[in-house]
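First up is the structure itself, then whatever we jot down about it.
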Amino acid sequence: PFQFSDKELLELQDPATLAEAEILREMGELSFEILEPRLRAMKCTKEDLFGAMSVCHSRCFHFGEEVEHFAVPAVDMANHSLEPNSFVKFMMEPSQGTQAASEVGDFTEPLISFELQAGDDGIQAGEEITISYGNWPNDLFLLFFGFCPENNQHDSVVISQNYEQLVKSVVLLAMEEEDLKLEDIEALEEDLLSRLLEVLGDAPTRLAVLEEGIDASLNNALGVLFSKDSNLKVLSNFTTLQPTDVLKWRCESILAQMPTSLKEDLAILEDCLLNAQDLSPSMKMAIEYRIKKKQLLSNAINCM
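Just so you know, we're using my numbering here: the sequence shown kicks off at 348 and counts up by one.
Printed below as a string of structure tokens:
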């Protein structure tokens with residue numbers, strides 16, 4: 348988010364991404380406060396620090412439970428591709444265990460090297476070497492790598508950041524649709540949340556809709572909330588809502604929060620291209636980014 352001006356950042360329009368960008372910016376400001384005396388001695392500015400942080404986010408490889416950062420010269424110059432011709436291979440020490448690094452590459456034991464290897468089809472002379480940065484949605488590519496891959500089939504839109512937000516949305520919709528008068532909303536929400544944690548045993552974040560449907564965490568959570576099992580049944584006691592009603596409402600709510608519609612965004616982009624209007628790279632990326640998010644949300648609504 349450091350490469351974007353405040354105006355450009357707001358053009359992303361996606362509430363979840365804007366919230367994450369704000370957290371990263373706050374972390375940057377806090378880092379500057381802590382490091383300011385040392386930076387001043389080095390004659391470095393806040394912009395220099397933010398630039399260095401951007402380089403670390405986009406260039407370093409992340410590995411291990413404690414998220415160690417590795418700077419690997421030359422290998423870090425490889426661009427991302429959805430169909431890479433190379434891959435990264437970690438060689439590990441036995442003491443480090445067998446922590447999976449599947450989002451970045453494969454590894455074998457024992458850390459003696461960090462290798463860039465050609466894929467099965469090899470690499471032709473003059474061909475660009477590419478690797479996969481991981482199967483991330485566009486918001487994580489944008490926030491941590493500074494770009495959005497074209498035709499990213501792994502893109503998604505966050506419907507709820509966590510179980511608590513999902514439960515609040517379900518209860519709120521039930522009250523609106525059914526005109527219910529619940530005397531103790533907080534108690535009901537706590538009951539539903541505790542049931543989710545008891546049955547599913549974890550608390551994932553970023554519950555999202557995908558190109559092909561909804562992610563497993565969101566699907567499992569809705570399955571518990573709307574269960575017809577007598578031991579779990581709570582919502583069906585006071586509402587006829589279905590999981591698709593909640594998903595459609597959340598998608599429509601997110602779209603309604605965005606200042607422009609999908610149709611307007613497509614017209615804005617087309618007009619800029621036809622009239623050769625200058626758009627900064629960040630502004631163009633922001634418009635293309637929100638178009639893809641709105642397409643995902645619209646497709647999800649149309650499928651329900």
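Here a beta-carbon is modelled for each residue, glycine too, at the ideal position from N, C-alpha and C.
- Taking the Cα positions, R637 is about 26 Å away from C403.
- For P431, same chain residues with a beta-carbon under 6 Å away, outside a window of 5 residues either side, are T477, I478, S479 in chain order.
- By the beta-carbon neighbour count (other beta carbons within 10 angstroms, threshold 16), D618 is exposed.
- Taking a contact as a CB-CB distance under 8 Å, the pair A363 and Q500 does not count as one, their CB atoms being some 19 Å apart.
- Scanning the segment 462-510 for uninterrupted beta strand (DSSP E) segments of 3 residues or longer gives 503-507, listed from N- to C-terminal end.
- Of the residues assessed, L565 falls on the buried side of the cut-off, its CB having 16 or more other CB atoms within 10 angstroms.
- Counting of Cβ neighbours within 10 angstroms places C650 among the exposed residues, the total staying below 16.
- For E599, the enclosing alpha helix (DSSP H) stretches over residues 590-604.
- Per DSSP, V422 lies in no beta strand (DSSP E) and is assigned neither H nor E.
- Around the CB of I470, fewer than 16 other CB atoms lie within 10 Å, so the residue is classed as exposed.
- Between C598 and A647, the C-beta spacing is below 7 Å.
- About 18 Å separates the beta carbons of Y510 and L557, which is beyond the 8 Å limit, so they are not a contact pair.
- For A555, DSSP records a beta bridge to V505.
- A603 sits exposed, since fewer than 16 C-beta atoms from the chains shown fall within 10 Å of its C-beta.
- If you draw a straight line from the Cα of L588 to the Cα of E533, it is about 19 Å long.
- Within the same chain, S516, L520 come within 8 Å of W596 by CB-CB distance, once the 5 residues on both sides are set aside.
- Sequence-distant partners of L613 (beyond 5 residues in either direction) whose C-beta falls short of 7 Å from its own C-beta, in its chain, are I638.
- Remark: C-beta atoms of Q360 and G493 do not approach each other more closely than 7 Å.
- Non-local C-beta neighbours of S503 in its own chain, meaning closer than 6 Å and more than five positions away in sequence, comprise P484, A555, L557, ordered along the chain.
- Of the residues T552, R372, K575, E383, the one whose Cα lies closest to the Cα of L490 is R372.
- K631 and T586 have their C-alpha atoms roughly 44 Å apart.
- Counting of Cβ neighbours within 10 angstroms places E358 among the buried residues, the total reaching 16 or more.
- The straight-line gap separating the alpha-carbon atoms of G375 and E383 is approximately 12 Å.
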